[in-house]
Every structure is written in C-alpha cells, then in structure tokens.
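Okay, so here's the structure we're looking at.
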Amino acid sequence: GPKVLQIPSHQIIDMGQMVTLNCDPVSNHLYFYWYKQILGQQMEFLVNFYNGKVMEKSKLFKDQFSVERPDGSYFTLKIQPTALEDSAVYFCASSFQQDTQYFGPGTRLLVL
Amino acid sequence: QEKVQQSPESLIVPEGAMVSLNCSFSDSASQSIWWYQQHPGKGPKALISIFSNGNKKEGRLTVYLNRASLHVSLHIKDSQPSDSAVYLCAVRATGGNNKLTFGQGTVLSVIP
C-alpha cells in the first residue's frame with residue numbers, strides 16, 4: 123500500500139534546542155497531518171496542512187511549533203525551543219483528499 | 002470536544018476465534034468512524050471505515066455502527082496470530098477538516 127516515510131526514526135535532544143521532524147508523504151497526496159502520542163496515552167491530533175496553509179490546529183500545537191512543506195519536499199514539524207513535555211512519538215499522515223489517512227512509522231523524540 | 006472510548010483494554014483469544022471490539026463516541030453527528038491496526042514500532046494502518054448506520058463487511062472484517070447509541074463495533078472472523086496488534090477506533094467529526102480523534106486502543110493477542 124501507499125507508504126509514508128519519517129526521518130529520523132529516533133531523536134534525542136537537550137531541552138531548549140530546536141528539532142525538525144521530517145515526513146515524506148505519499149507522492150500524489152494533498153493533505154498532511156501531524157499527530158502526537160505520549161507513552162501510554164492515546165494519539166492526539168496536532169495540525170493539518172493543505173495547499174501551503176495550516177487548516178486546523180489543536181491546543182497541543184503550541185506557539186513553539188511550526189509546519190511547512192517548501193516546494194513539495196518534506197513536510198516538516200519544527201519545535202523551537204523544545205520542552206520536556208514534547209517527549210513523545212510524532213506520527214505524520216497524508217491523504218489524497220479528505221479521506222483515508224496513511225500514517226508513517228513515527229519519530230520517537232526524547233527531550234532531556 | 003469529541004471523546005472516544007474503547008473496550009476491552011486487552012483481549013487474548015485462541016486462533017480461529019471471532020473477535021469483537023467496541024468503541025463509543027460522544028457526538029452523534031460524527032461524520033465517519035475508522036478502525037486502524039497498529040503493530041509495535043509501526044504507524045497505524047487503516048482497516049475499514051463506516052459512514053452510515055448499519056453494517057459493512059470487508060473480508061474477515063465486519064463493522065457495525067449505531068448512531069443512536071453512539072456505538073461502533075469491529076468483528077474479526079477466524080482470527081489469526083498475525084492479527085495480534087493494537088486496534089484503534091478513530092472518529093472524524095463533521096466539518097472537522099479530516100481531523101481524527103482516537104480512542105486509547107485495544108491490545109489483541111491471538112494465540113496459536
């Protein structure tokens with residue numbers, strides 16, 4: 123089936139540093155999403171993105187977070203500066219229209 | 002805000018058994034309900050979705066939706082050890098920009 127790739131698979135950084143999580147969505151997909159899952163908790167929506175713009179963001183999408191997809195390259199989630207509570211698995215997803223979302227394997231972020 | 006609750010938390014069945022997973026949601030106007038399967042270290046994979054009241058069958062999977070009781074169930078016929086995974090119920094709200102609200106998941110173990 124369609125594959126979404128995420129780079130890196132794991133990232134360990136010190137609190138206060140910047141981190142960029144990269145997502146390579148399915149090639150013809152137009153809608154992109156980030157979800158956050160803290161260990162032992164349910165997956166939660168962060169943000170979705172279409173046509174170069176954020177469509178909706180949740181309360182979890184703090185001011186320190188930003189997303190972009192410059193010129194059809196990676197869809198990125200940047201956190202600057204990071205905080206301890208940002209430690210989680212971040213899943214990227216994409217969809218062609220507002221239908222089935224295909225998820226990547228996640229990036230495991232640990233903030234020390 | 003949509004709330005999604007799944008039961009049971011975990012389930013152990015012998016190979017060949019029928020599996021029944023439950024999901025309750027809070028908004029009767031929710032547009033659609035999706036079931037995802039997630040293996041350890043992987044991203045969620047879409048299995049089946051339902052939009053209208055009633056049931057839908059795909060292969061060994063059957064999903065039942067009852068909007069009046071705010072309940073959806075997933076049934077897996079002739080379960081296999083490869084079905085062992087976490088099953089996630091996700092609700093897409095009307096007008097919600099394809100945002101998914103996830104339950105906490107049911108851990109299924111199918112014993113050979």
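In the order they appear, the protein sequences are chains A and B.
Count along the first sequence from 1, add 122, and you get the number used in the working numbering.
Count along the second sequence from 1, add 1, and you get the number used in the working numbering.
Backbone N, C-alpha and C define an ideal beta-carbon position, used for all residues, glycine too.
Computed from a predicted structure; not experimentally measured.
Exposed unless 16 or more other CB atoms sit within 10 angstroms - verdict on residue i
i	result
B:Thr95	exposed
A:Ile129	exposed
B:Met19	exposed
A:Leu231	buried
A:Asp136	exposed
A:Asp185	exposed
A:Asp208	buried
A:Ala210	buried
A:Lys125	exposed
A:Asn170	buried
Cut-off 7 Å between Cβ atoms - residues of its own chain near residue i, not counting five sequence neighbours on either side
i	result
B:Gln81	Glu16, Val111
B:Gln105	Gln7
Same chain, Cβ closer than 8 Å to residue i, neighbours up to 5 away in sequence not counted
i	result
A:Tyr172	Leu152, Tyr153, Phe154
B:Ser74	Ser21, Leu22, Asn23, Cys24, Val64, Tyr65
B:Val14	Val20, Ser80, Leu109, Ser110, Val111, Ile112
From the options, residue whose alpha carbon lies closest to that of residue i
i	options	result
B:Gly32	B:Thr107, B:Pro113, B:Pro9, B:Ala91	Sequence check: residue 32 of chain B is Gln here, not Gly. The option with the nearest alpha carbon to B:Gln32 is B:Ala91.
B:Asn54	B:Glu10, B:Ala86, B:Val64, B:Val87	B:Val64
A:Gln223	A:Gln164, A:Ser180, A:Pro147	A:Pro147
B:Gly42	A:Phe213, A:Lys200, A:Val141	A:Phe213
A:Asp193	A:Phe187, A:Gln202, A:Glu178, A:Gly174	A:Gly174
B:His76	B:Phe103, B:Ala30, B:Asp84	B:Asp84
B:Leu62	B:His72, B:Trp36, B:Lys4	B:Trp36
B:Lys46	A:Leu206, A:Leu234, A:Ala215, A:Lys158	A:Ala215
B:Ser29	B:Ser70, B:Gly44, B:Glu59, B:Ser50	B:Ser70
B:Gly44	B:Lys58, B:Glu10, B:Leu89, B:Pro9	B:Leu89
B:Lys100	A:Pro227, A:Ile160, A:Glu166, A:Leu206	A:Glu166
Close beta carbons around residue i, own chain, < 6 Å, minus the five adjacent residues each side
i	result
A:Leu199	Leu143, Trp156, Val189
A:Phe197	Cys145, Pro147, Phe154, Arg191
B:Val87	Gln39, Gly106, Val108
A:Phe187	Ile201
Next item on the list: Could you name the residues of the stretch 130-150 of chain A whose beta carbon sits closer than 7 Å to any beta carbon of chain B, in the order they occur along the chain?
Entry: Flagged: no residues at all.
Check: Mind listing which residues of the stretch 95-107 of chain B have their C-beta closer than 8 Å to chain A's C-betas, in chain order?
Finding: Against chain A - using a Cβ distance shorter than 8 Å - the residues of the stretch 95-107 of chain B are Gly97, Asn98, Asn99, Lys100, Leu101, Thr102, Phe103, Gly104, Gln105, Gly106.
Next item on the list: May I have a chain-ordered list of the beta strand (DSSP E) segments no shorter than 3 residues that lie completely inside the stretch 13-97 of chain B?
Entry: If we require 3 residues or more, the beta strand (DSSP E) runs fully inside the stretch 13-97 of chain B come out as 20-26, 33-39, 46-51, 55-59, 62-67, 72-77, 86-93.
Item checked: chain A contacts made by the stretch 40-57 of chain B, where a contact means CB separation under 8 Å -> Listed by position along the chain: Gly42, Lys43, Gly44, Pro45, Lys46, Ala47, Ser50.
Margin query: Please list, in chain order, the residues of the stretch 150-164 of chain A that have any C-beta partner in chain B closer than 7 Å.
Written below: Taking 7 Å as the upper bound on Cβ-Cβ separation, chain B lies near residues Tyr153, Gln164 of the stretch 150-164 of chain A.
Notebook entry, point to check: In chain order, which beta strand (DSSP E) runs of at least 3 residues are fully inside the stretch 133-194 of chain A?
Noted result: Counting only runs of 3 or more, we get 141-146, 153-159, 166-172, 175-179, 187-190.
Item checked: Contacting positions in the stretch 170-194 of chain A - beta carbon closer than 9 Å to chain B -> Residues of the stretch 170-194 of chain A with a Cβ closer than 9 Å to any Cβ of chain B, in chain order: Asn170, Tyr172, Met177, Glu178, Ser180.
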